[in-house]
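In the numbering used here, the protein residues as written are 899 to 1148.
Idealized CB from N, CA, C, for every residue including glycine.
Everything below concerns the one structure shown next.
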Ligand code: PTJ
């Protein structure tokens, strides 16, 4: 669908089109449309911008990924179509392979996502030759060279209990989730409450700036970060935004 640039919701409509096209191509799961709608709602009530608390989380996330010995970036259908190019760039800068890990798993979708991402040149893992103990759904299927042995995993647009299991397996988890109330947001070590389409470009910029930092500088950034405080700020920002909108109607 051709969207006129003059449309007041142009950017949001472009993202919707990407998700819908992705679904038609068999990359995005049908449930991905619903997940995207939930994300849109939360983005709307934070004012569709990156807040200071999100920048702090993005910086801590980049520091943790730079410190990691075996970092991995998990990719699902929504992530692939929204930021395939950008997440591949981040993967290369951080030396963190992408791993295709799906909730609504099918062999065909794994192949399609792989083919879709391959043009961007990052290392892509998708062997599905290991299982994460403690999980019953398809997200348990991982790559022996990737999530299975990773020490830090970036999990954008997650669905909840894998985050808990990854932590139980001793891994540090970074989530990107616009919903600060989700189980994933509450379970992760670092939660980035920001739209993935803003978060990943921010993280690319930060990674380029921070990759020359010393280990102790990076460690300080991670130590200073407080995820609960960050989530509190995100919830307060929603409250402030909605109160302002209500006042405007007085
Ligand atoms: O491709 P698959 O099979 O792995 O499935 C992917 C989805 C996203 C369908 C699956 O993981 C799922 O059902 O996720 P949930 O439980 O709907 O959770 C997705 C979370 O991501 C929700 O809390 C949304 O608010 C959030 N979200 C959606 N779009 C964005 C987002 N967060 C950041 N940026 C977005 N663009």
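Whole-number beta carbon distance between residue j and residue i, since they are thought to touch under 8 Å
| i | j | result |
| --- | --- | --- |
| residue 898 | residue 979 | For the chain, the structure presents residues 899 to 1148; residue 898 sits outside this window and is missing. |
| residue 911 | residue 905 | 6 Å |
| residue 996 | residue 989 | 5 Å |
| residue 1109 | residue 991 | 7 Å |
| residue 959 | residue 1084 | Not quite, the Cβ-Cβ distance comes to about 16 Å (not below 8 Å), so this is no contact. |
| residue 1087 | residue 1056 | With a Cβ gap of about 13 Å, residue 1087 and residue 1056 do not count as contacting. |
| residue 962 | residue 1050 | 6 Å |
Outcome for residue i when other beta-carbon atoms lying within 10 angstroms are tallied against a minimum of 16
| i | result |
| --- | --- |
| residue 976 | buried |
| residue 1072 | buried |
| residue 1100 | buried |
| residue 984 | buried |
| residue 908 | exposed |
| residue 1138 | exposed |
| residue 1066 | exposed |
| residue 1113 | exposed |
| residue 932 | exposed |
| residue 927 | buried |
| residue 1103 | exposed |
| residue 1215 | A query on residue 1215 cannot be resolved here, the shown segment of the chain reaching from 899 to 1148 and no further. |
| residue 1096 | buried |
Beta-bridge pairing of residue i - partner residues as DSSP gives them
| i | result |
| --- | --- |
| residue 1070 | 1050 |
| residue 996 | 971, 1022 |
| residue 1028 | 1040 |
| residue 977 | Paired residues: none, contrary to the question. |
| residue 1089 | 1073 |
Can at least three beta-carbon pairs, one atom from the stretch 961-975 and one from the stretch 939-947, be found at a separation below 8 Å? Short answer: they don't touch.
For the stretch 1036-1043 against the stretch 1020-1027, are there 3 or more C-beta pairs whose distance is under 8 Å? yes
Within 8 Å, do at least three Cβ pairs link the stretch 1124-1139 to the stretch 1014-1025? Contact fails: fewer than three Cβ-Cβ distances are below 8 Å.
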